[in-house]
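Number of protein chains: 2
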Amino acid sequence: MLNRVRSAVAHLVSSGGAPPPRPKSPDLPNATSALPAAPPEKPRSPPARSRGGSAAPAKTVEARASFSRPTFLQLSPGGLRRADDHAGRAVQSPPDTGRRLPWSTGYAEVINAGKSRHNEDQACCEVVYVEGRRSVSGAPREPSRGQGLCFYYWGLFDGHAGGGAAEMASRLLHRHIREQLKDLSCWSSQKEVTHESLVVGAIENAFQLMDEQMARERRGHQVEGGCCALVVVYLLGKVYVANAGDSRAIIVRNGEIIPMSREFTPETERQRLQLLGFLKPELLGGEFTHLEFPRRVQPKELGQRMLYRDQNMTGWAYKKIELEDLRFPLVCGEGKKARVMATIGVTRGLGDHNLKVCSSTLPIKPFLSCFPEVRVYDLTQYEHCPDDVLVLGTDGLWDVTSDCEVATTVDKVLSAYEPNDPSRYTALAQALVLGARGTPRDRGWRLPNNKLGSGDDISVFVIPLGGPGSYS
Amino acid sequence: MLNRVRSAVAHLVSSGGAPPPRPKSPDLPNATSALPAAPPEKPRSPPARSRGGSAAPAKTVEARASFSRPTFLQLSPGGLRRADDHAGRAVQSPPDTGRRLPWSTGYAEVINAGKSRHNEDQACCEVVYVEGRRSVSGAPREPSRGQGLCFYYWGLFDGHAGGGAAEMASRLLHRHIREQLKDLSCWSSQKEVTHESLVVGAIENAFQLMDEQMARERRGHQVEGGCCALVVVYLLGKVYVANAGDSRAIIVRNGEIIPMSREFTPETERQRLQLLGFLKPELLGGEFTHLEFPRRVQPKELGQRMLYRDQNMTGWAYKKIELEDLRFPLVCGEGKKARVMATIGVTRGLGDHNLKVCSSTLPIKPFLSCFPEVRVYDLTQYEHCPDDVLVLGTDGLWDVTSDCEVATTVDKVLSAYEPNDPSRYTALAQALVLGARGTPRDRGWRLPNNKLGSGDDISVFVIPLGGPGSYS
Chain V
4 MLNRVRSAVA HLVSSGGAPP PRPKSPDLPN ATSALPAAPP EKPRSPPARS
54 RGGSAAPAKT VEARASFSRP TFLQLSPGGL RRADDHAGRA VQSPPDTGRR
104 LPWSTGYAEV INAGKSRHNE DQACCEVVYV EGRRSVSGAP REPSRGQGLC
154 FYYWGLFDGH AGGGAAEMAS RLLHRHIREQ LKDLSCWSSQ KEVTHESLVV
204 GAIENAFQLM DEQMARERRG HQVEGGCCAL VVVYLLGKVY VANAGDSRAI
254 IVRNGEIIPM SREFTPETER QRLQLLGFLK PELLGGEFTH LEFPRRVQPK
304 ELGQRMLYRD QNMTGWAYKK IELEDLRFPL VCGEGKKARV MATIGVTRGL
354 GDHNLKVCSS TLPIKPFLSC FPEVRVYDLT QYEHCPDDVL VLGTDGLWDV
404 TSDCEVATTV DKVLSAYEPN DPSRYTALAQ ALVLGARGTP RDRGWRLPNN
454 KLGSGDDISV FVIPLGGPGS YS
Chain Y
4 MLNRVRSAVA HLVSSGGAPP PRPKSPDLPN ATSALPAAPP EKPRSPPARS
54 RGGSAAPAKT VEARASFSRP TFLQLSPGGL RRADDHAGRA VQSPPDTGRR
104 LPWSTGYAEV INAGKSRHNE DQACCEVVYV EGRRSVSGAP REPSRGQGLC
154 FYYWGLFDGH AGGGAAEMAS RLLHRHIREQ LKDLSCWSSQ KEVTHESLVV
204 GAIENAFQLM DEQMARERRG HQVEGGCCAL VVVYLLGKVY VANAGDSRAI
254 IVRNGEIIPM SREFTPETER QRLQLLGFLK PELLGGEFTH LEFPRRVQPK
304 ELGQRMLYRD QNMTGWAYKK IELEDLRFPL VCGEGKKARV MATIGVTRGL
354 GDHNLKVCSS TLPIKPFLSC FPEVRVYDLT QYEHCPDDVL VLGTDGLWDV
404 TSDCEVATTV DKVLSAYEPN DPSRYTALAQ ALVLGARGTP RDRGWRLPNN
454 KLGSGDDISV FVIPLGGPGS YS
């Protein structure tokens with residue numbers, strides 16, 4: 004994902020100069036040690052509540068090592084070094100022991116080919132227990148386990164311009180969701196609002212609160228860069244897939260592909276970005292125009308007619324070129340090279356509060372949205388078999404692998420294992436990561452068809468849908 | 004549509020008092036007499052060009068009678084009185100003569116049951132000739148018929164708070180589209196832009212220019228109220244359906260329903276409206292909150308937690324009620340009763356430049372968008388039969404008639420006529436209008452199932468798709 008932020012690192016530290024060493028969260032009293040891997044059978048007990056009001060989640064930020072991988076990988080110091088090796092690019096998966104991820108979820112990852120010092124992807128997989136809130140109307144809250152509920156949680160976080168935001172999100176976002184879901188127990192009194200829309204709202208709010216926490220803590224704790232976030236919540240028969248960024252989730256069901264997310268890039272979000280630039284021209288700092296042109300307008304074209312698109316338009320029309328149109332376009336470039344303000348290629352995610360336009364003090368954050376799009380899949384509406392899976396991947400996978408190719412690999416790998424073999428989903432995740440990475444050949448990583456493999460960090464979850472928990 | 008604007012008429016005249024009698028456009032030199040019905044075989048010759056630059060269409064505003072109907076109805080003074088009779092509500096169609104609308108298009112309309120003095124719907128059906136522009140780069144334009152092209156055009160305009168905007172749009176919008184399409188001849192030099200996207204852009208721009216013209220001329224010419232606009236353009240094998248408002252277009256093809264538009268209401272556009280209120284709080288005048296609550300918040304609930312939705316959210320979450328949340332919600336009500344700023348129930352369309360919030364000077368126009376959504380249907384991708392039709396209707400039809408009921412009527416009526424009988428589409432339009440109006444019974448207009456018929460103005464176009472022009 005580093006390529007997505009052009010020269011942005013230089014602007015990350017508003018105080019200027021090299022980033023200071025990361026402090027051990029001295030001002031956060033609730034700091035805990037590293038989270039253990041989630042026990043699949045036993046839900047996590049909730050940590051101590053914060054005193055900061057009902058909306059604030061537990062503010063637990065732990066001391067960060069200079070490089071960390073998901074705790075469920077259970078990497079030894081030696082394993083950590085191998086995972087950090089750009090030359091070997093060894094595929095990492097949780098150890099094949101009796102203690103598996105919930106639902107026997109498969110996971111695999113590989114570091115980039117040298118784009119950034121460390122793997123800036125992060126992942127999280129947890130079973131989270133939510134205590135009920137007694138009342139919404141200010142009555143005292145009394146902890147009571149009987150009112151609670153559990154959700155299953157998977158998160159992929161693709162960092163850019165540093166690994167801090169992805170790491171923080173992987174440790175805390177599910178806690179924000181847990182805090183928001185505490186209100187679910189009060190639902191019955193609001194008949195016009197569906198249970199599903201409350202879960203969706205809880206996830207949406209949690210993303211915003213996570214982003215706000217990053218903004219608050221960025222100075223003290225050096226939350227570097229930003230990250231895309233792709234999150235799955237399973238609760239009461241429904242799968243909620245929340246996406247903010249350019250990771251992707253698809254369900255492969257009986258060979259059929261069901262898209263569960265869409266990517267948010269300068270191209271797909273052109274109209275939202277242009278609208279913001281149009282309504283708040285001060286955000287463009289006199290340097291950019293919110294209008295789009297098929298190519299950069301030249302000064303000699305002043306007064307001539309040229310094609311353009313405004314925020315309300317899906318088609319192209321002509322306008323007479325004015326002085327303002329000579330400014331750099333807010334959205335420019337195509338495909339993977341599309342950029343907002345010539346800087347960033349992804350338009351939703353967490354963090355990036357310090358990100359500035361190259362060679363400028365203009366902040367980019369106002370154009371980035373932390374809000375996810377949430378899609379809901381009712382697991383009870385279909386009788387899933389053990390070969391039906393939800394595949395989550397960062398753009399390292401999808402840059403070189405189509406949905407159809409993933410579906411083919413799903414079929415090929417899973418059919419080679421017994422349906423009740425719990426290791427088949429990790430084997431599938433590994434096959435997907437390997438298929439996107441390729442093998443070293445001709446001074447690069449190459450796929451079997453000799454095209455370039457992905458040099459990006461690659462992370463994949465494979466979540467079996469054939470009966471939650473039945474394979475764990 | 005009058006119900007959609009609550010007490011808005013009182014606010015229409017910014018000078019206060021009763022509206023003055025409509026002037027005969029004394030300051031527009033190009034004023035012409037009433038447009039004749041379009042000759043179906045022979046394209047209209049273009050009127051004289053204006054001198055106001057290439058983007059300005061011919062500014063022909065004619066003297067308006069106090070009540071007018073589409074010229075293609077060819078109503079005599081007596082016929083005009085019958086069309087204006089709220090008690091009889093006679094269905095109006097073009098006379099069954101040899102001179103039909105293009106493609107043997109069917110049309111029928113009926114006045115409302117007393118909601119407004121006159122029928123505030125308007126309609127237009129034309130064959131429009133577009134002269135080519137020689138160059139986009141400032142070279143002199145030389146009229147040359149050889150460079151031109153023709154498009155077929157149908158428009159339905161559902162006025163509210165007066166008939167002026169609908170009438171003006173029905174007479175001028177296609178001319179704005181024609182002016183925009185003149186640039187099409189320069190297309191080949193811009194390979195990255197498709198022909199289709201240029202037509203879409205031309206239509207989008209034309210809507211905006213029409214709206215701007217209404218704003219400019221509202222003082223001198225009393226452009227009353229606003230209107231929804233549903234427009235169809237047929238050009239070079241493709242049907243473009245542009246919708247701004249709550250009219251609807253569907254294709255019924257071999258019994259299958261293909262939606263060709265969606266409605267723009269405070270409910271469907273909630274997030275756009277909220278975003279605008281959030282980014283430009285001054286537009287809310289301290290009277291409204293951009294947040295949505297399931298019900299009106301009471302002062303006694305201050306400090307308590309309540310469900311809400313913000314502009315980025317599709318789900319509901321909880322927040323602590325603050326003083327600002329006690330303001331009236333920007334979007335309130337449900338279904339047909341949903342309103343923006345407690346005033347208007349439709350969020351896209353033309354005009355409404357004088358519309359104010361009830362008992363306030365707060366303008367509503369910034370929340371209304373004049374931009375249409377344009378859907379494209381490739382007529383060449385399917386072999387259409389004479390029973391395949393595109394049905395356009397104002398909300399008077401759709402308020403009491405489902406898409407499926409329309410499809411049933413299409414089948415029933417068309418199968419009663421020979422496939423080559425050109426009067427079958429008018430018969431179908433009449434049947435649809437009659438089916439929505441009902442018959443007078445029990446002190447109201449009732450449908451066969453005894454439910455209330457539509458008391459609104461009802462207008463319907465039926466456009467046959469089975470070979471453009473083959474039935475004319």
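These protein sequence lines are chains V and Y, in that order.
The first sequence stops at residue 475 when you use this note's numbering, and every number in between is there.
The second sequence stops at residue 475 when you use this note's numbering, and every number in between is there.
Even for Gly, the Cβ is constructed at its ideal location relative to N, Cα and C.
Might you give, ordered along the chain, the residues of its own chain that have their beta carbon closer than 6 Å to the beta carbon of residue i, omitting 5 neighbours on each side?
i	result
Leu212(V)	His179
Val203(V)	Val377
Gln274(Y)	Gln314
Thinking just about the alpha-carbon of each residue, which of the options is nearest to the one in residue i?
i	options	result
Leu496(Y)	Gln125(Y), Arg330(Y), His198(Y), Asp88(Y)	Absent from the model: residue 496(Y). The displayed extent of chain Y is 4 to 475, so no value can be given.
Gly109(Y)	Arg120(Y), Pro97(Y), Gly101(Y)	Pro97(Y)
Gly117(Y)	Pro467(Y), Arg265(Y), Arg275(Y), Ile461(Y)	Ile461(Y)
Arg103(V)	Glu227(V), Thr429(V), Tyr420(V), Val436(V)	Thr429(V)
Val235(V)	Arg92(V), Arg312(V), Ser250(V)	Ser250(V)
Pro332(V)	Arg312(V), Trp319(V), Gly318(V)	Arg312(V)
Thr412(V)	Ala205(V), Phe154(V), Val436(V)	Val436(V)
Leu417(Y)	Arg256(Y), Glu129(Y), Gly229(Y), Cys153(Y)	Arg256(Y)
Residue i bridges to which residues according to DSSP?
i	result
Pro366(V)	Lys359(V)
Trp157(Y)	Cys128(Y), Val235(Y)
Thr292(Y)	Pro332(Y)
Val133(Y)	Leu152(Y)
Tyr243(Y)	Val236(Y), Val379(Y)
Val113(Y)	Ile461(Y)
Met309(Y)	Lys322(Y)
Arg444(V)	Gly447(V)
For residue i and residue j, what's the separation of their Cα atoms in angstroms?
i	j	result
Ile347(Y)	Arg219(Y)	22 Å
Arg222(V)	Ala245(Y)	50 Å
Glu285(Y)	Lys283(V)	13 Å
Phe160(Y)	Gly248(Y)	9 Å
Ser253(Y)	Asp381(Y)	Looking at the sequence itself, residue 253(Y) is Ile, so the reference to Ser does not match. So the alpha carbons of these two residues sit roughly 14 Å apart.
Asn208(Y)	Ala172(Y)	14 Å
Pro50(Y)	Leu83(Y)	Interpretation of Pro50(Y) is limited by its pLDDT of 35, a score under 50 that renders its predicted location unreliable; no figure is taken from the coordinates.
Ala432(Y)	Asp328(V)	48 Å
Ser140(Y)	Gly447(V)	Confidence is the limiting factor: at Ser140(Y) the pLDDT is only 46, short of 50, which leaves the residue's position unreliable, though a coordinate-based value still follows. About 47 Å.
Tyr243(V)	Lys359(V)	33 Å
Gln216(Y)	Leu395(Y)	25 Å
Tyr321(V)	Leu393(Y)	30 Å
Lys1(V)	His177(V)	In the structure as shown, chain V begins at 4 and stops at 475. Residue 1(V) is therefore absent and cannot be evaluated.
Taking 9 Å as the CB-CB limit, is residue i close to chain Y?
i	result
Gln1(V)	It is not possible to answer for residue 1(V), since the shown part of chain V is limited to 4 through 475.
Glu325(V)	no
Glu134(V)	no
Leu310(V)	yes
Asn208(V)	yes
Gln183(V)	yes
Using a Cβ cut-off of 9 Å (strictly closer), state whether residue i contacts chain V.
i	result
Met316(Y)	yes
Val202(Y)	yes
Val334(Y)	no
Leu468(Y)	no
Asp381(Y)	no
Asp406(Y)	no
Glu195(Y)	yes
Trp157(Y)	no
Ala320(Y)	yes
Go through its chain and collect everything with a Cβ distance to residue i's Cβ below 8 Å, but skip five positions before and after it.
i	result
Cys407(Y)	Ile260
Ile324(V)	Val300, Glu304, Leu305, Gly306, Gln307, Arg308, Met309
Near residue i, which residues of its chain fall below 7 Å by C-beta distance, leaving aside the five closest residues on each side in sequence?
i	result
Arg378(Y)	Val244, Met263, Ser264
Leu450(Y)	Val403, Gly441, Gly456
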